[in-house]
DNA sequence: TGAGTTAGACTTACAGTGTACGTCTACTCA
DNA sequence: TGAGTAGACGTACACTGTAAGTCTAACTCA
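Residue numbers (the working numbering), protein chains in the order written: chain A, 564 to 785; chain B, 564 to 785.
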């Protein structure tokens, strides 16, 4: 009987970079990047911390890995659509994906990302703009401007400590800390949120459209 | 002789929240937030770590404190200028200040900031927009859109691992990692940076103007 | 002046972090 | 059969923030 290749003991699947990244991604999604430690990842895999180093180089390597997995989830811009539609779709997709992984926007912004998914994503984005008639410089500028909005907006959104549905009651409980003589405008704005005149919910596409429209005018001028 | 109040021993100035924050700010500016530890702050003050807790509540309290110091350095929007000029000035000032303290943009985006300088800064910003004729909702939206660009752009800029003056030579040494068959557009863009056709330096005002112009059109339509 | 209070720096300790380094076991292949 | 190796493990180190308790010097007030 050949038990050389197929072991029939129901041992757990062998450790691998993929399994480590998969568990790390789950832990990060559940508790943020600060909840991600080598010991916790190892424990979730039924293994000791140092065993992970047989498959990944370091904790940074793990974070790079899960960042690239997240990026691979963003829809690539489509070359068959007009550039504005393509860029809007990819921005909306990026925004959506980053909200699903609340730690990711910050991680992307604070480290150098050269994973294959990221490189591909950037290449396609610049390519889409280039094919739309932007010069190389303008394609690069446009990419940077759109991404500034994506990351800036999403980070502000994620950092907001209150759920949108509770803006009103939260404003009500904190209004006393915003005295009208010191902060008249914030005070007034809070009152409007309390009485329901304004829900306080931001809109990702609001600022995005300013950038896309501005870029479009600039493109047509050439 | 009354030596009750004025001790003439040249003892170091007493520990205080202000001195702690001042040293912490310097350490953060020099080595980033991750270089900021209670033990290092204490050592720089000639004191042991736990002594700091007589003057600050926690490390988070210190970070909140130095964030607010940084924010207090941003020029408040001026009500006597037209809103676009005022917002441009405040955006440029914010960008400039955030570049001087490379850790700060990330810190602001990843924590809740309710220091006096921050509250004042936000109140004035919303106020300036409100006085310019924006509705409360639109003033809030506008503030959010402008700040998305400020933080998004600045974070991308700070995260860039290379100095602007070395883009060309850096691109040259890394071009082999960007094969033209896999990443054709990035490859081509790198070539243009190498041969000097394009310097690769982004412009903060490029995207900012899209947002400001878009907001202006929206304001005039009402 | 003497006693009581207190501010503030100190020491110790704990539970956590990433990871360098060395060891031990089980499997592969010549 | 015996060498080589992959991979899990244990130990250890230098850090982190901070809870808890101690000690001393200065101030307050009768």
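Just so you know, even glycine gets a beta-carbon here, dropped at the ideal spot from N, CA and C. Quantities reported herein were computed from a predicted structural model and do not represent experimental measurements.
Excluding five sequence neighbours on each side, which residues of the same chain lie with their C-beta closer than 8 Å to the C-beta of residue i?
i              : result
residue 730(B) : 756, 762, 763, 764
residue 658(A) : 713, 716, 717, 767
residue 598(B) : 590, 591
residue 618(B) : 578, 579, 580, 583
residue 770(A) : 712, 716
residue 603(A) : 590
residue 565(A) : Summary for residue 565(A): the model assigns pLDDT 34, below 50, so the residue's position carries little reliability; its value from the coordinates is reported in the next sentence. For residue 565(A), where only same-chain residues beyond five positions count, there are no Cβ hits under 8 Å.
residue 632(A) : 584, 588, 680
residue 775(A) : 647, 650, 651, 709
Show which residues of chain A have a CB atom less than 7 Å away from the CB atom of residue i.
i              : result
residue 712(B) : 711, 712, 715
residue 633(B) : Near residue 633(B) there are no residues of chain A at all, since even the closest Cβ is about 16 Å away, more than 7 Å.
residue 718(B) : 672, 714
What does residue i touch in chain B if you count any residue whose Cβ is under 9 Å from its own?
i              : result
residue 643(A) : Neighbours of residue 643(A) on chain B: none; closest Cβ ~16 Å, over 9 Å.
residue 661(A) : By Cβ distance, chain B contributes nothing, its closest Cβ being about 12 Å from residue 661(A), past 9 Å.
Who are the neighbours of residue i on chain B, taking C-beta pairs under 8 Å?
i              : result
residue 722(A) : 672, 673, 674, 675
residue 594(A) : Under the 8 Å cutoff, chain B gives no residues; its nearest Cβ is about 15 Å from residue 594(A).
Give the residues of chain B in contact with residue i, contact being defined as C-beta atoms less than 7 Å apart.
i              : result
residue 708(A) : 769, 770, 773
residue 700(A) : 761
residue 693(A) : 748
residue 752(A) : 689, 699, 703
Once the 5 residues before and after residue i are set aside, which same chain residues still bring their CB inside 7 Å of it?
i              : result
residue 621(A) : none
residue 616(B) : none
residue 753(B) : 734, 738, 741
residue 643(B) : none
residue 759(A) : 731
residue 654(B) : 709, 713, 771
residue 702(A) : 689, 692, 693
residue 697(B) : 705, 782
residue 660(A) : 633, 636, 637
residue 670(A) : 596, 626, 630
residue 656(B) : 637, 638
Along chain A, which residues have their Cβ under 8 Å away from the Cβ of residue i?
i              : result
residue 630(B) : In chain order: nothing, as chain A lies at least about 13 Å away.
residue 755(B) : 699
residue 682(B) : 741, 745, 746, 749
Name the chain A residues that come within less than 9 Å of residue i, Cβ to Cβ?
i              : result
residue 685(B) : 746, 748, 749
If I measure Cβ to Cβ from residue i and keep anything under 6 Å in the same chain, skipping five residues before and after, which residues do I get?
i              : result
residue 784(B) : none
residue 778(A) : 705
residue 571(B) : For residue 571(B), the predicted structure reports a pLDDT of 35, less than 50, and the residue's modelled location is therefore unreliable. A value from the coordinates is still provided. So the list is empty, once near-sequence residues are dropped.
residue 639(A) : 687
residue 614(B) : none
residue 607(A) : 586
residue 612(B) : 601, 602, 605
residue 725(A) : 733
Quick check: the stretch 736-753 of chain B against the stretch 688-701 of chain A, are there 3 or more CB pairs under 8 Å? yes
Hey, is the stretch 700-711 of chain B in contact with the stretch 705-724 of chain A, meaning 3+ C-beta pairs nearer than 8 Å? yes
Using Cβ-Cβ distances below 8 Å, what residues of the stretch 758-782 of chain B are close to chain A? 760, 761, 763, 765, 766, 769, 770, 772, 773, 774, 776, 777, 778
Against chain A, which members of the stretch 668-680 of chain B pass a CB distance test of less than 8 Å? 669, 672, 673, 674, 675, 677
Does the stretch 625-632 of chain B come close enough to the stretch 643-653 of chain B that 3 or more CB-CB pairs lie under 8 Å? no
Quick one: any contact between the stretch 584-593 of chain A and the stretch 664-673 of chain A, if contact means 3 or more CB pairs under 8 Å? yes
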